Amino acid sequence: MDDLGDPTLDEDVRKADEPYFAYGDHSDVYKGYYRSKIVVIKQFRGVNSNKPEIRTELSEKLRAQLITWIKLNHPNVCNVYKVAEGFGFLPALVTDYFPKGNIIKYIQKHNSSVQQRIRWVYEIADGLAHLHSFAVHHGDLRGANIFLNDRNHAVIADYAIAHYFNNSDFTSAKSTGTVRWTAPEVIALPPDPNLQPEKIDIFAFGMTMLEIFSGLPPYSDKSDTAAIFALAKNETPKLPESITQRTELMGLFSACTDRTPEVRPSAQSAATILQLLLPTLGIFQRIFQYFGSFFGYR
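Residues 10 to 307 (this note's numbering) make up the sequence shown, in order.
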(Lines of atoms letter the chains of each structure in order from A and count residues from 1; the text may use other names and numbers.)
(Lines give C-alpha, C1' and ligand atoms only; values in the text may rest on other atoms or scores of the structure.)
Protein backbone atom coordinates (compact mmCIF):
# COMPACT_ATOMS: atom_id res chain seq x y z
CA MET A 1 0.00 0.00 0.00
CA ASP A 2 1.13 3.53 -0.71
CA ASP A 3 2.45 5.51 2.25
CA LEU A 4 -0.18 8.23 2.40
CA GLY A 5 0.16 9.22 6.01
CA ASP A 6 -1.32 8.40 9.40
CA PRO A 7 -4.49 6.26 8.99
CA THR A 8 -5.82 7.53 12.33
CA LEU A 9 -6.07 11.19 11.28
CA ASP A 10 -9.10 12.55 9.42
CA GLU A 11 -8.16 16.09 8.45
CA ASP A 12 -6.32 14.90 5.32
CA VAL A 13 -9.54 13.41 3.86
CA ARG A 14 -12.05 15.61 2.05
CA LYS A 15 -15.15 14.87 0.04
CA ALA A 16 -15.46 16.10 -3.55
CA ASP A 17 -18.07 18.81 -4.09
CA GLU A 18 -20.58 16.50 -5.74
CA PRO A 19 -23.34 14.08 -4.67
CA TYR A 20 -22.75 10.39 -4.09
CA PHE A 21 -22.23 8.47 -7.32
CA ALA A 22 -23.22 5.02 -6.07
CA TYR A 23 -24.82 3.33 -3.14
CA GLY A 24 -24.48 -0.10 -1.61
CA ASP A 25 -26.40 -2.24 0.83
CA HIS A 26 -25.10 -0.27 3.81
CA SER A 27 -23.40 2.82 2.41
CA ASP A 28 -23.45 5.83 0.12
CA VAL A 29 -20.33 6.14 -2.01
CA TYR A 30 -18.66 9.48 -2.65
CA LYS A 31 -15.62 10.55 -4.61
CA GLY A 32 -13.03 12.25 -2.42
CA TYR A 33 -9.39 13.02 -1.85
CA TYR A 34 -6.90 11.55 0.58
CA ARG A 35 -4.02 14.00 0.43
CA SER A 36 -3.27 14.08 -3.32
CA LYS A 37 -4.93 10.76 -4.19
CA ILE A 38 -8.45 10.37 -5.59
CA VAL A 39 -10.30 7.91 -3.37
CA VAL A 40 -13.73 6.59 -2.49
CA ILE A 41 -15.37 7.66 0.76
CA LYS A 42 -17.80 4.91 1.66
CA GLN A 43 -20.19 6.51 4.14
CA PHE A 44 -22.05 3.88 6.16
CA ARG A 45 -25.71 4.34 6.99
CA GLY A 46 -28.57 2.41 8.52
CA VAL A 47 -28.65 3.41 12.20
CA ASN A 48 -30.94 5.94 13.82
CA SER A 49 -29.07 8.90 15.32
CA ASN A 50 -30.53 8.15 18.74
CA LYS A 51 -28.23 5.14 19.01
CA PRO A 52 -24.74 6.63 19.54
CA GLU A 53 -23.57 3.44 21.24
CA ILE A 54 -24.00 1.55 17.95
CA ARG A 55 -21.93 4.18 16.15
CA THR A 56 -19.17 3.91 18.76
CA GLU A 57 -19.15 0.12 18.60
CA LEU A 58 -18.97 0.07 14.79
CA SER A 59 -16.15 2.64 14.77
CA GLU A 60 -14.15 0.61 17.28
CA LYS A 61 -14.62 -2.62 15.30
CA LEU A 62 -13.64 -1.00 12.00
CA ARG A 63 -10.54 0.59 13.50
CA ALA A 64 -9.51 -2.75 14.99
CA GLN A 65 -9.98 -4.39 11.57
CA LEU A 66 -8.00 -1.58 9.92
CA ILE A 67 -4.86 -2.88 11.65
CA THR A 68 -5.11 -5.95 9.40
CA TRP A 69 -6.48 -4.17 6.33
CA ILE A 70 -3.51 -1.83 6.01
CA LYS A 71 -1.20 -4.87 5.91
CA LEU A 72 -2.88 -6.25 2.79
CA ASN A 73 -0.81 -5.71 -0.33
CA HIS A 74 -1.99 -7.45 -3.48
CA PRO A 75 -2.78 -6.16 -6.99
CA ASN A 76 -6.21 -7.80 -6.90
CA VAL A 77 -7.26 -6.51 -3.46
CA CYS A 78 -8.63 -3.00 -2.92
CA ASN A 79 -6.65 -0.84 -0.49
CA VAL A 80 -8.43 0.45 2.60
CA TYR A 81 -6.57 3.54 3.76
CA LYS A 82 -8.44 4.60 6.86
CA VAL A 83 -11.60 4.83 8.91
CA ALA A 84 -12.82 8.44 8.80
CA GLU A 85 -15.30 10.33 10.97
CA GLY A 86 -17.26 13.50 10.36
CA PHE A 87 -18.94 12.71 7.03
CA GLY A 88 -22.12 11.34 8.57
CA PHE A 89 -23.52 9.78 11.71
CA LEU A 90 -21.62 6.53 11.16
CA PRO A 91 -17.92 6.22 10.27
CA ALA A 92 -16.72 5.99 6.66
CA LEU A 93 -14.06 3.91 4.93
CA VAL A 94 -11.51 5.52 2.62
CA THR A 95 -10.57 3.15 -0.20
CA ASP A 96 -9.26 3.01 -3.76
CA TYR A 97 -11.34 4.63 -6.51
CA PHE A 98 -12.11 2.66 -9.68
CA PRO A 99 -13.71 4.86 -12.36
CA LYS A 100 -14.42 1.86 -14.62
CA GLY A 101 -16.93 0.59 -12.08
CA ASN A 102 -17.73 -2.98 -11.15
CA ILE A 103 -16.88 -5.92 -13.35
CA ILE A 104 -20.46 -6.94 -14.17
CA LYS A 105 -21.45 -3.52 -15.48
CA TYR A 106 -18.31 -3.58 -17.63
CA ILE A 107 -19.10 -7.07 -18.99
CA GLN A 108 -22.64 -6.00 -19.87
CA LYS A 109 -21.26 -3.16 -22.01
CA HIS A 110 -18.29 -4.94 -23.60
CA ASN A 111 -17.94 -8.21 -25.48
CA SER A 112 -15.09 -9.57 -23.35
CA SER A 113 -13.45 -12.77 -24.59
CA VAL A 114 -13.57 -16.05 -22.68
CA GLN A 115 -9.81 -15.81 -22.13
CA GLN A 116 -10.24 -12.37 -20.58
CA ARG A 117 -12.92 -13.74 -18.26
CA ILE A 118 -10.67 -16.64 -17.27
CA ARG A 119 -7.98 -14.11 -16.38
CA TRP A 120 -10.45 -12.14 -14.26
CA VAL A 121 -11.64 -15.18 -12.30
CA TYR A 122 -8.00 -16.17 -11.77
CA GLU A 123 -7.26 -12.70 -10.41
CA ILE A 124 -10.27 -12.90 -8.10
CA ALA A 125 -9.16 -16.29 -6.78
CA ASP A 126 -5.63 -15.01 -6.27
CA GLY A 127 -6.88 -11.92 -4.43
CA LEU A 128 -9.20 -14.05 -2.30
CA ALA A 129 -6.29 -16.33 -1.40
CA HIS A 130 -4.39 -13.25 -0.21
CA LEU A 131 -7.32 -12.19 1.97
CA HIS A 132 -7.60 -15.67 3.46
CA SER A 133 -3.86 -15.74 4.22
CA PHE A 134 -4.56 -12.85 6.62
CA ALA A 135 -7.69 -14.56 8.01
CA VAL A 136 -9.83 -11.91 6.27
CA HIS A 137 -13.10 -13.38 5.03
CA HIS A 138 -15.10 -11.49 2.47
CA GLY A 139 -18.61 -12.47 3.45
CA ASP A 140 -20.31 -10.93 0.39
CA LEU A 141 -18.26 -11.93 -2.66
CA ARG A 142 -20.09 -11.26 -5.94
CA GLY A 143 -19.63 -9.25 -9.11
CA ALA A 144 -21.01 -6.05 -7.59
CA ASN A 145 -18.07 -6.04 -5.17
CA ILE A 146 -15.36 -6.63 -7.78
CA PHE A 147 -14.00 -3.68 -9.72
CA LEU A 148 -11.69 -3.12 -12.69
CA ASN A 149 -8.64 -0.92 -12.31
CA ASP A 150 -7.10 1.24 -15.02
CA ARG A 151 -5.13 -1.76 -16.33
CA ASN A 152 -8.36 -3.78 -16.62
CA HIS A 153 -7.44 -6.14 -13.79
CA ALA A 154 -10.03 -7.42 -11.32
CA VAL A 155 -9.86 -6.01 -7.79
CA ILE A 156 -11.83 -7.34 -4.81
CA ALA A 157 -13.47 -4.66 -2.66
CA ASP A 158 -15.91 -4.44 0.26
CA TYR A 159 -14.37 -7.41 2.06
CA ALA A 160 -15.14 -8.23 5.71
CA ILE A 161 -17.87 -5.59 5.86
CA ALA A 162 -21.18 -7.45 5.62
CA HIS A 163 -20.97 -9.24 8.97
CA TYR A 164 -20.83 -5.93 10.85
CA PHE A 165 -24.32 -5.12 9.61
CA ASN A 166 -26.00 -8.50 10.00
CA ASN A 167 -28.01 -7.64 13.09
CA SER A 168 -31.26 -5.90 13.92
CA ASP A 169 -29.57 -2.60 14.87
CA PHE A 170 -29.03 -1.81 11.18
CA THR A 171 -31.44 -1.26 8.35
CA SER A 172 -30.27 -2.13 4.84
CA ALA A 173 -31.02 -1.61 1.17
CA LYS A 174 -29.99 -5.22 0.65
CA SER A 175 -32.41 -7.34 -1.32
CA THR A 176 -32.99 -11.06 -0.94
CA GLY A 177 -31.31 -11.38 -4.35
CA THR A 178 -27.87 -11.56 -2.72
CA VAL A 179 -28.77 -15.00 -1.36
CA ARG A 180 -28.02 -16.32 -4.87
CA TRP A 181 -24.31 -16.31 -3.95
CA THR A 182 -24.86 -17.72 -0.46
CA ALA A 183 -23.66 -21.18 0.55
CA PRO A 184 -26.53 -23.54 1.46
CA GLU A 185 -25.23 -24.14 4.98
CA VAL A 186 -25.72 -20.44 5.74
CA ILE A 187 -29.46 -20.59 5.04
CA ALA A 188 -29.97 -24.12 6.38
CA LEU A 189 -32.66 -24.88 8.96
CA PRO A 190 -31.76 -25.65 11.63
CA PRO A 191 -28.70 -23.34 11.36
CA ASP A 192 -25.31 -24.99 10.93
CA PRO A 193 -23.37 -24.36 14.18
CA ASN A 194 -19.99 -24.93 12.53
CA LEU A 195 -19.87 -22.48 9.65
CA GLN A 196 -16.50 -22.19 7.89
CA PRO A 197 -16.05 -18.62 6.56
CA GLU A 198 -13.40 -19.54 3.98
CA LYS A 199 -15.61 -22.28 2.52
CA ILE A 200 -18.55 -19.86 2.41
CA ASP A 201 -16.36 -17.46 0.41
CA ILE A 202 -15.39 -20.27 -1.97
CA PHE A 203 -19.03 -21.10 -2.67
CA ALA A 204 -19.63 -17.42 -3.46
CA PHE A 205 -16.54 -17.46 -5.68
CA GLY A 206 -18.02 -20.35 -7.67
CA MET A 207 -21.24 -18.42 -8.19
CA THR A 208 -19.20 -15.35 -9.12
CA MET A 209 -17.44 -17.45 -11.78
CA LEU A 210 -20.85 -18.21 -13.26
CA GLU A 211 -21.78 -14.52 -13.09
CA ILE A 212 -18.62 -13.40 -14.89
CA PHE A 213 -18.87 -15.97 -17.68
CA SER A 214 -22.60 -15.44 -18.24
CA GLY A 215 -22.95 -11.75 -17.35
CA LEU A 216 -26.01 -12.75 -15.30
CA PRO A 217 -26.58 -13.53 -11.62
CA PRO A 218 -26.92 -17.15 -10.49
CA TYR A 219 -30.42 -18.57 -11.03
CA SER A 220 -31.16 -15.65 -13.33
CA ASP A 221 -34.20 -17.53 -14.66
CA LYS A 222 -35.76 -17.70 -11.19
CA SER A 223 -37.33 -15.25 -8.77
CA ASP A 224 -35.55 -14.53 -5.51
CA THR A 225 -37.82 -16.91 -3.63
CA ALA A 226 -37.40 -19.67 -6.20
CA ALA A 227 -33.62 -19.19 -6.10
CA ILE A 228 -33.64 -19.73 -2.32
CA PHE A 229 -35.54 -23.00 -2.74
CA ALA A 230 -33.20 -24.06 -5.56
CA LEU A 231 -30.19 -23.49 -3.30
CA ALA A 232 -31.82 -25.43 -0.48
CA LYS A 233 -32.47 -28.36 -2.86
CA ASN A 234 -28.89 -28.21 -4.22
CA GLU A 235 -30.20 -27.45 -7.70
CA THR A 236 -27.42 -26.38 -10.07
CA PRO A 237 -28.05 -22.99 -11.72
CA LYS A 238 -28.12 -22.69 -15.49
CA LEU A 239 -24.52 -22.54 -16.73
CA PRO A 240 -23.12 -20.90 -19.88
CA GLU A 241 -21.33 -23.01 -22.48
CA SER A 242 -18.10 -21.16 -21.71
CA ILE A 243 -18.08 -23.17 -18.47
CA THR A 244 -19.79 -26.43 -19.44
CA GLN A 245 -17.62 -26.98 -22.54
CA ARG A 246 -14.36 -26.59 -20.60
CA THR A 247 -13.65 -29.55 -18.35
CA GLU A 248 -11.38 -27.65 -15.97
CA LEU A 249 -13.85 -24.80 -15.47
CA MET A 250 -16.79 -27.16 -15.02
CA GLY A 251 -14.84 -29.20 -12.50
CA LEU A 252 -13.78 -26.12 -10.57
CA PHE A 253 -17.30 -24.68 -10.51
CA SER A 254 -18.71 -27.99 -9.27
CA ALA A 255 -16.08 -28.27 -6.54
CA CYS A 256 -16.50 -24.67 -5.37
CA THR A 257 -20.28 -24.99 -5.14
CA ASP A 258 -20.36 -28.48 -3.64
CA ARG A 259 -22.97 -28.83 -0.91
CA THR A 260 -20.32 -30.25 1.44
CA PRO A 261 -18.02 -27.40 2.56
CA GLU A 262 -15.05 -29.71 3.12
CA VAL A 263 -15.07 -30.70 -0.56
CA ARG A 264 -14.63 -27.12 -1.72
CA PRO A 265 -11.04 -26.17 -2.64
CA SER A 266 -9.04 -23.40 -1.03
CA ALA A 267 -8.82 -20.09 -2.86
CA GLN A 268 -5.15 -20.81 -3.52
CA SER A 269 -6.00 -24.16 -5.13
CA ALA A 270 -8.63 -22.48 -7.30
CA ALA A 271 -6.09 -19.85 -8.36
CA THR A 272 -3.55 -22.55 -9.25
CA ILE A 273 -6.07 -24.37 -11.45
CA LEU A 274 -7.10 -21.18 -13.21
CA GLN A 275 -3.52 -20.04 -13.73
CA LEU A 276 -2.93 -23.16 -15.84
CA LEU A 277 -5.73 -22.01 -18.17
CA LEU A 278 -4.23 -18.59 -18.83
CA PRO A 279 -2.79 -17.97 -22.31
CA THR A 280 0.96 -18.20 -22.59
CA LEU A 281 2.63 -14.85 -21.94
CA GLY A 282 5.79 -13.53 -23.47
CA ILE A 283 8.85 -13.42 -21.21
CA PHE A 284 8.87 -9.60 -20.97
CA GLN A 285 5.20 -9.48 -20.00
CA ARG A 286 5.83 -12.09 -17.30
CA ILE A 287 8.73 -10.04 -15.94
CA PHE A 288 6.62 -6.87 -15.92
CA GLN A 289 3.72 -8.63 -14.14
CA TYR A 290 6.06 -10.12 -11.53
CA PHE A 291 7.75 -6.86 -10.62
CA GLY A 292 4.50 -4.91 -11.00
CA SER A 293 2.87 -7.14 -8.38
CA PHE A 294 5.93 -6.97 -6.14
CA PHE A 295 5.96 -3.19 -6.07
CA GLY A 296 2.18 -2.86 -5.92
CA TYR A 297 1.64 -1.52 -9.46
CA ARG A 298 -1.93 -1.88 -10.66
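We treat Cβ as the ideally placed atom computed from N, Cα and C, and that holds for glycine.
All figures in this text were calculated on a predicted structure; none of them were measured in a lab.
Judged by DSSP in its simplified three-state form, ILE211 adopts helix.
Distance from the Cα of GLU220 is smallest, within the candidate group VAL195, ASN120 and ILE112, for ILE112. Annotation: the continuous alpha helix (DSSP H) that includes ARG72 extends over 61-78. Contact between the segment 206-220 and the segment 136-155 is established, with three or more Cβ pairs separated by less than 8 Å.
Nearest neighbour of CYS265 by Cα position, chosen from VAL188, ALA276 and GLY110, turns out to be ALA276. Under the DSSP assignment, VAL130 falls in the alpha helix (DSSP H) whose first and last residues are 123-142. Note on geometry: alpha-carbon atoms of TRP190 and VAL86 lie some 20 Å from one another. Distance between GLN74 and ILE155, taken at the CA atoms: about 20 Å.
When beta bridges are read from the DSSP output, ASN111 appears opposite PHE156. Per DSSP, the continuous alpha helix (DSSP H) segment holding LEU258 begins and ends at 256-265. In the DSSP assignment, ASP37 falls outside any alpha helix (DSSP H) and lies within the beta strand (DSSP E) extending over 36-43.
Buried is the label assigned to PRO84, since at least 16 other Cβ atoms lie within 10 Å of its Cβ. Distance check between PHE30 and each of VAL49, HIS141 and VAL22 places VAL49 closest, using alpha-carbon atoms only. When the five nearest sequence neighbours on each side are left out, the beta carbons in the same chain lying within less than 6 Å of the beta carbon of TYR106 are those of ILE47, VAL48 and VAL49, in order along the chain.
If you compare the alpha carbons of GLY110, PHE53, ASP21 and VAL56 with that of SER45, the shortest gap goes to ASP21.
Less than 9 Å divides the Cβ of LEU140 from the Cβ of ILE165. A straight line joining the alpha-carbon of GLU69 with that of ILE196 spans about 29 Å. Per DSSP, GLN52 is one residue of the beta strand (DSSP E) stretching across 46-53.
TYR32 counts as exposed, since fewer than 16 other C-beta atoms from the protein chains shown sit within 10 angstroms of its C-beta. With respect to PHE96, GLN124 sits apart: the two C-beta atoms are not nearer than 9 Å.
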